[in-house]
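Step one of this worksheet: look at the structure below.
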Amino acid sequence: MRYVKLHENEKVPVFKNIAYALKLVWKADKKLFLSYMVSYLADNIFMRYIQGVLFLKVLLGVIDSGGDFNLFLRDLLLFFGVTVFIKVVTWWSSYIRQVSTKRVLKVLNNMVFEKAISLDVAEYEEPKFYDKYQRATLVMSAGYYDVLCSDFADVVSSVLSLIFLLGTVASIGPVYLLFLIPTLFVFVIELRKSKKVYKRDWEMAGNNRTKAYIQRTVFLKDFSKDMRTSNIFSVMMKRFDKAIKENVKILKSYGFKLFVYSMISTLFSEFIPLIGTYAYAAYQFVRKNTLSVSGFSVVISAFTSVRESITLITYCFDEMAQMALYFQNLHDFFDCETNIKDGEKTAGKFESLEFKNVTFRYPSAKKNVLENISFKITKGETIAIVGVNGAGKSTLVKLLLRFYDPTQGEILYNGVNIKEYTVDSLRNAFATVFQDYRNFAISIFENVICRECSDEDRERAKSALKKAGLWEKISSMPSGGETVLTREFDENGAGLSGGENQKLSTARLFAGEYEIAVLDEPSSALDPIAEYKMYESLIDATKDKTVIYISHRLSSAVLSDRIFVISDGRISESGTHKQLLGSDGEYSRMFKLQASGYVREEGENDA
Amino acid sequence: MLKLNKKNKDEHSMFSNIMYFLWLMFRLSPGLVIGDIMSGIFRTLPPRLVSVIGVKYIIDTVVEGKNLERIYYAVLIIAAVIIFGNLITILYREFYWNMERERLYFKLNSKLYEKAHLLDLESYDDPDFYNNFILTIESSSDNIQGLLGLVQNYVANLISLGAIASVILAVDPVCLVIILASILIFLPLSSKIAELQMGRRIDNTRYHRRSDYFQRIFYLQDYAKEVRMNGITPLLMDRYNDAADDVIDNQKRYWKKISLCYGIQQVGVQGMGFMLILPLYLGYCVLVKKTLSPGDFVATFNGAYSIALSINFLTVWARAVMSERAKMIEKYREFLKADYKIKDGRGKAECAEPKTISIKNMSFTYPGNDKPTLNNINLEIKPYEKIALVGYNGAGKTTLTNLLLRLYDATEGEILIGGENIKDVTVASHRDRFAAVFQDFQTFSCSIGENVALDKDFDSAAVMEALNSSGFTKELKYGTDTEILREFDENGVMLSGGEAQKVAIARAFYKKCPYVILDEPSANLDPIAEYKLNQTMLEAAKHKTVIFISHRLSTTVIADKIYVMENGEIIEAGSHEELMELGGTYAKMFTLQAEKYKS
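Line order of the protein sequences matches chains L and X.
In terms of the working numbering, the first sequence is residues 180 to 786.
In terms of the working numbering, the second sequence is residues 5 to 603.
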């Protein structure tokens with residue numbers, strides 16, 4: 180909790196954020212806040228005031244005033260009744276609280292999911308936003324919403340019991356207050372101290388990240404082979420040693436300051452009140468002979484309770500201030516406006532797609548990724564987009580699917596700017612297999628169909644899996660297509676290899692209804708034969724469809740009606756395979772290079 | 005292979021585990037262990053003693069009315085005790101504990117890492133083992149902190165329990181009996197609570213694993229594109245909500261019982277014991293029998309809470325924490341004790357000119373599998389040969405290279421290099437003969453020089469040359485000292501997939517060794533880069549033996565010999581021309597791929 184990275188000069192409107200957080204939790208489920216308040220008020224006031232002070236005061240009062248045992252007994256039973264009542268309240272409210280906290284978690288998560296899904300992909304790719312978003316999600320995943328409620332209830336109830344305590348002490352002897360008041364300063368000192376601690380931890384954050392990274396390289400499977408066949412381990416240990424030494428240096432540099440703060444805090448919280456009270460009581464008795472035993476004992480006990488309350492308030496306040504930052508992130512997240520706005524039209528049957536002078540630059544980039552791209556695709560065409568790594572091929576797809584909007588120019592679907600369609604209807608027109616495809620830990624059928632499956636859906640999924648060349652493997656599993664992917668939470672789950680996973684996401688395309696298929700390196704993880712088969716079924720499945728292939732394997736380009744070669748963000752060449760090969764440009768150079776291995780053979784055979 | 009998951013008879017007792025780790029820490033840092041125990045005593049004892057003895061002494065002095073001036077001395081002593089206790093604790097914490105803990109963490113973890121980084125690769129394949137392995141490493145810092153805190157509190161509570169109990173015993177033994185009785189009667193409830201909490205946590209972990217997974221899909225960048233394109237969101241949300249409801253039901257089930265137990269225990273101990281029976285007896289003694297003083301009343305009353313705290317800690321809390329901690333330490337011990345299956349041979353392999361590599365009747369089955377991944381492989385690789393391994397996904401190509409590197413040992417058969425079994429030399433010297441670029445290679449967050457050399461000392465000029473050969477063209481601001489990735493350095497250079505692959509390939513160029521293994525070296529490269537790589541590789545590896553795995557058969561044409569693998573066996577072997585003539589699987593695969601390049 181304490182190792183939060185707070186930028187030194189970052190000002191956070193603590194109170195505003197706390198108010199926002201409480202409102203959010205209140206809206207999610209009122210019971211959480213209420214049960215925290217009830218149980219903490221009961222608990223704190225009971226423990227620190229009733230049990231800790233009042234009880235002694237009343238009983239010793241009876242003893243002091245000459246001692247009627249019946250009166251003593253009556254008071255005792257009265258307290259017992261109160262105790263039972265309070266314990267029942269605490270018991271009930273803690274039950275409510277423990278259930279409600281998970282309910283709040285569910286509601287908040289649902290809110291976040293819905294917002295997240297409405298956000299632009301662009302936001303996810305913006306490191307600053309993404310970082311903030313990840314911190315915001317800690318509100319849920321680390322349970323900060325619960326911590327904040329608890330802290331708030333603790334502060335309120337502690338302040339209240341503090342007032343009772345000071346009132347009681349004042350009624351015994353106002354002078355005693357003089358010794359208790361310094362305790363209040365502890366609040367200020369402790370806050371100062373924890374600011375120093377943040378600063379220290381903030382300085383160590385980089386080193387701690389290093390430590391965590393090194394630990395990961397040691398135990399993650401990903402690194403295991405490189406680790407064992409090289410000497411990189413020595414590099415990691417050198418860094419580890421350095422991180423530790425730097426941390427020790429930082430800790431050393433803060434030692435004295437923190438020592439001073441701690442000592443001052445002790446002075447105010449323990450030394451002055453305790454010694455003052457004792458000394459004053461002694462003085463009163465020795466000089467004036469007027470000390471009441473009950474008064475003295477109560478003040479001593481009250482002092483313990485006051486100190487505990489102050490410590491609690493300081494700690495909780497401190498923690499709330501840190502939580503506030505996370506809630507601010509969450510607030511920003513909920514307030515985040517998407518740049519990709521819905522249009523009103525519904526994208527219908529596909530006729531044509533046109534890029535008109537499209538230029539694009541990523542938000543924080545210095546250079547355009549795409550520069551003045553223009554082309555037109557009509558129904559039924561098969562298009563290949565080729566180019567070297569980083570030429571802008573995948574960006575083109577992102578614009579097409581409205582993950583980003585062009586910086587300049589426009590994209591027309593059936594002659595209408597794609598911004599005028601609703602995002603959903605536009606995206607529905609496409610079926611995509613991404614380079615970085617993902618599958619989910621749900622059943623294989625569900626992975627293909629993307630919803631709860633009916634019998635009809637299962638049949639459709641089955642034939643799609645057949646086309647993708649995966650059904651043979653899946654039908655051999657005990658639960659067939661109902662098998663859940665990964666063993667993450669199902670012992671009988673299936674782990675698929677890279678190639679099989681790629682086939683599975685391609686099956687999604689085979690099962691779907693769409694106008695245009697977009698395939699971004701769909702065969703990168705497949706062996707030659709599987710790749711060949713995959714293309715055969717793709718060609719078959721997309722016979723009457725419009726298809727856009729993106730690949731740096733030119734073999735796929737040969738099959739297409741038209742090829743666009745992208746280099747440095749521009750379309751440098753376009754045409755059919757034959758035309759391009761004849762034009763002696765970049766495409767023909769790439770093709771010949773790649774083909775040289777194969778073509779040499781052909782030539783020799785011919786000869 | 006280490007066996008951590010096996011429940012065996014030689015598991016140590018809780019006490020033995022705790023003492024083992026304590027002794028381990030004591031040897032590495034005696035000051036920290038002793039210091040923590042002492043500071044625990046200094047922190048706990050003075051305030052508790054003052055609240056019992058101090059208060060009693062002063063009240064009694066007042067009531068008896070004799071030697072009044074002595075009160076001043078008493079106050080002075082109390083002040084001194086409190087301030088001294090605090091001073092010692094704070095001095096210790098700020099000037100020693102903080103730093104020493106960091107150092108101890110380093111010493112303990114270095115030991116762990118040394119062991120972990122040489123662990124057999126096989127260990128990763130067993131999920132049970134792997135989970136324990138991660139747990140062991142991740143819990144090491146908790147073990148330090150947790151165990152020290154535990155011991156500290158344990159000793160402190162033990163001492164203060166003794167001290168306060170004897171004070172109360174001196175006041176009136178009956179009081180001590182009442183206090184102990186009311187605590188001990190309700191003690192079984194505490195165990196019950198601990199048991200219920202444990203059950204709740206275990207169940208919750210299971211449900212949470214599910215809800216966390218679906219939560220992650222929405223939280224992580226990786227899935228952002230996928231969930232936007234295929235309308236899977238409602239399904240995933242439903243799944244999340246199902247899991248979340250399971251958690252809620254689980255909470256209901258357990259907390260009904262847990263909070264009831266808490267309620268009963270608190271009403272029993274605090275209500276009945278300390279706020280009814282004890283004061284009743286005390287009041288009777290003070291008011292009616294007049295055997296006790298008001299000072300005794302207050303002291304006993306305060307002492308009761310202190311005793312309750314201590315007993316609760318010592319019996320329930322400490323025991324629960326200890327047994328949990330002991331389980332961790334058990335894993336830790338077995339981990340350190342465990343033996344490697346891949347054993348060093350006696351000799352030392354030399355890293356000189358290539359020799360013949362012969363693989364004889366080699367078979368290999370991954371642990372836990374029934375089917376062998378490699379079946380009776382025989383092949384001979386002559387010095388300076390360029391060998392290509394081709395075949396379907398899962399045919400066993402990568403496994404073959406794993407065995408060559410002794411990442412695993414063959415189940416049957418043997419591998420000889422220059423006539424010497426690779427098991428007869430040390431693992432390190434054997435692996436040192438190879439430069440390997442894996443399909444799932446990693447770049448490390450350190451300087452580019454270290455990344456290429458994979459060592460802390462490197463020759464800058466040679467690194468630059470290797471990068472050049474692999475076609476790496478990115479500008480490096482600080483030359484070979486430029487940091488890669490942003491784990492450590494905010495200005496670290498991020499690499500694209502293709503660039504990272506070039507760095508990985510540069511490693512093979514850099515390393516002075518006779519054998520090179522390349523597993524799909526051009527998977528992330530575009531055609532031009534791929535072509536250039538093939539050219540430079542031939543050039544640079546002239547004096548080396550090269551074994552490479554590829555799906556793109558255009559790259560295999562240049563090989564001296566091609567081995568085609570299927571289902572763990574070598575089904576064809578020969579040069580490209582020979583295999584084409586043979587007209588088998590290779591020819592089929594090649595023709596399929598080449599077909600598209602016919603112009």
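The beta carbon of each residue, even a glycine, is placed where N, CA and C say it ideally should be.
Apply the 10 Å Cβ neighbour rule to residue i and answer buried if 16 or more other Cβ atoms are within range, or exposed otherwise.
| i | result |
| --- | --- |
| Trp27/X | exposed |
| Arg437/X | buried |
| Leu291/X | buried |
| Ile206/X | exposed |
| Ile45/X | buried |
| Arg768/L | exposed |
| Asn406/X | buried |
| Ala608/L | buried |
| Glu783/L | Model confidence at Glu783/L stands at a pLDDT of 41, short of 50, so the residue's coordinates are unreliable and nothing is read from them. |
| Ala185/X | exposed |
| Ser451/X | buried |
Tell me, please, which residues DSSP counts as bridged to residue i.
| i | result |
| --- | --- |
| Asp523/X | Ile553/X |
| Asp699/L | Ile729/L |
| Met569/X | Gly395/X, Ile574/X |
| Asn425/X | Leu420/X |
| Ser753/L | Phe743/L |
| Phe438/X | Tyr519/X |
Got a sec? Which residues, its chain only, sit under 8 Å from residue i by beta carbon, not counting five neighbours each side?
| i | result |
| --- | --- |
| Ile750/L | Ile552, Ser553, Phe554, Phe743, Val744 |
| Gly150/X | Val325, Arg329 |
| Gly231/L | Ser480, Ala481, Thr483, Ser484 |
| Val537/L | Leu549, Asn551, Ile552, Ser553, Leu578, Pro585, Gln587, Gly588, Glu589, Ile590 |
| Lys294/L | Phe512, Phe513, Cys515 |
Starting from the C-beta of residue i, find all residues in its chain whose C-beta is less than 6 Å away, skip the five residues before and the five after it, and write them out in chain order.
| i | result |
| --- | --- |
| Val56/X | Ile168, Val171, Ala303, Asn306, Gly307 |
| Met383/L | Asn426, Ile429 |
| Val456/X | Val467, Ala470, Ala510, Arg511, Tyr514 |
| Ser194/X | Val320 |
| Pro283/X | none |
| Gln443/X | Asp523, Glu524 |
In chain order, what residues of the same chain have a beta carbon less than 7 Å from the beta carbon of residue i, not counting five sequence neighbours either side?
| i | result |
| --- | --- |
| Asp243/L | Ser471, Val472, Ser473 |
| Tyr117/X | none |
| Leu542/X | Ile562 |
| Arg637/L | Phe624, Gly660 |
| Trp205/L | Phe212 |
Return no unless some Cβ of chain C is closer than 8 Å to the Cβ of residue i.
| i | result |
| --- | --- |
| Ile82/X | Of the protein chains in this structure, namely L and X, none is chain C. |
What are the residues of the segment 371-405 of chain X that lie near chain L, defined by any Cβ-Cβ distance shorter than 9 Å? Val394, Gly395, Tyr396, Asn397, Gly398, Ala399
Does the segment 426-439 of chain L come close enough to the segment 461-469 of chain X that 3 or more CB-CB pairs lie under 8 Å? no
What residues in the segment 245-264 of chain X bring their beta carbon closer than 7 Å to a beta carbon of chain L? Here the close residues are Asn245, Ala248, Val251, Ile252, Gln255, Lys256, Trp259, Lys260, Ser263, Leu264.
Positions along the segment 391-411 of chain L whose CB lies within less than 8 Å of some CB in chain X: Residues of the segment 391-411 of chain L that bring their beta carbon within less than 8 Å of a beta carbon in chain X comprise Tyr392, Ile393, Gln394, Thr396, Val397, Phe398, Lys400, Asp401, Phe402, Ser403, Lys404, Asp405, Met406, Arg407, Thr408, Ser409, Asn410, Ile411, in sequence order.
Contact between the segment 318-338 of chain L and the segment 517-533 of chain L (3+ Cβ pairs under 8 Å): No: fewer than three Cβ pairs fall under 8 Å.
Which residues, in order along the segment 96-111 of chain X, keep a beta-carbon less than 8 Å from a beta-carbon of chain L? Arg97, Glu98, Phe99, Asn102, Met103, Glu106, Arg107, Tyr109, Phe110
I want to know whether the segment 455-464 of chain L touches the segment 497-509 of chain L - three or more CB-CB distances under 8 Å. no
Any residues in the segment 617-639 of chain L with a beta carbon nearer than 8 Å to a beta carbon of chain X? Which ones, in chain order? Arg617, Phe619, Ala620, Ile621, Glu625, Cys629, Arg630, Glu631
Taking one C-beta from the segment 294-313 of chain L and one from the segment 265-272 of chain X each time, how about it: are there three or more such pairs within less than 8 Å? No, the segment 294-313 of chain L does not touch the segment 265-272 of chain X.
Tell me, please, whether the segment 20-36 of chain X touches the segment 258-269 of chain X by the rule of three or more beta-carbon pairs shorter than 8 Å. no
At a CB distance below 7 Å, what residues from the segment 565-577 of chain L approach chain X? Give them in sequence order. Listed in sequence order: Val567, Asn568, Gly569.
To be precise: take each residue of the segment 413-444 of chain X, compare its Cβ to all Cβ atoms of chain L, and keep it if any distance is under 7 Å. Which residues remain? Arg435, Phe438, Ala440, Phe442, Asp444
Please confirm if the segment 386-398 of chain X is in contact with the segment 138-153 of chain X, defined as three or more CB-CB distances below 8 Å between the two stretches. no
Which residues, in chain order, does the segment 147-181 of chain X contribute to contact with chain L at a C-beta distance below 7 Å? none
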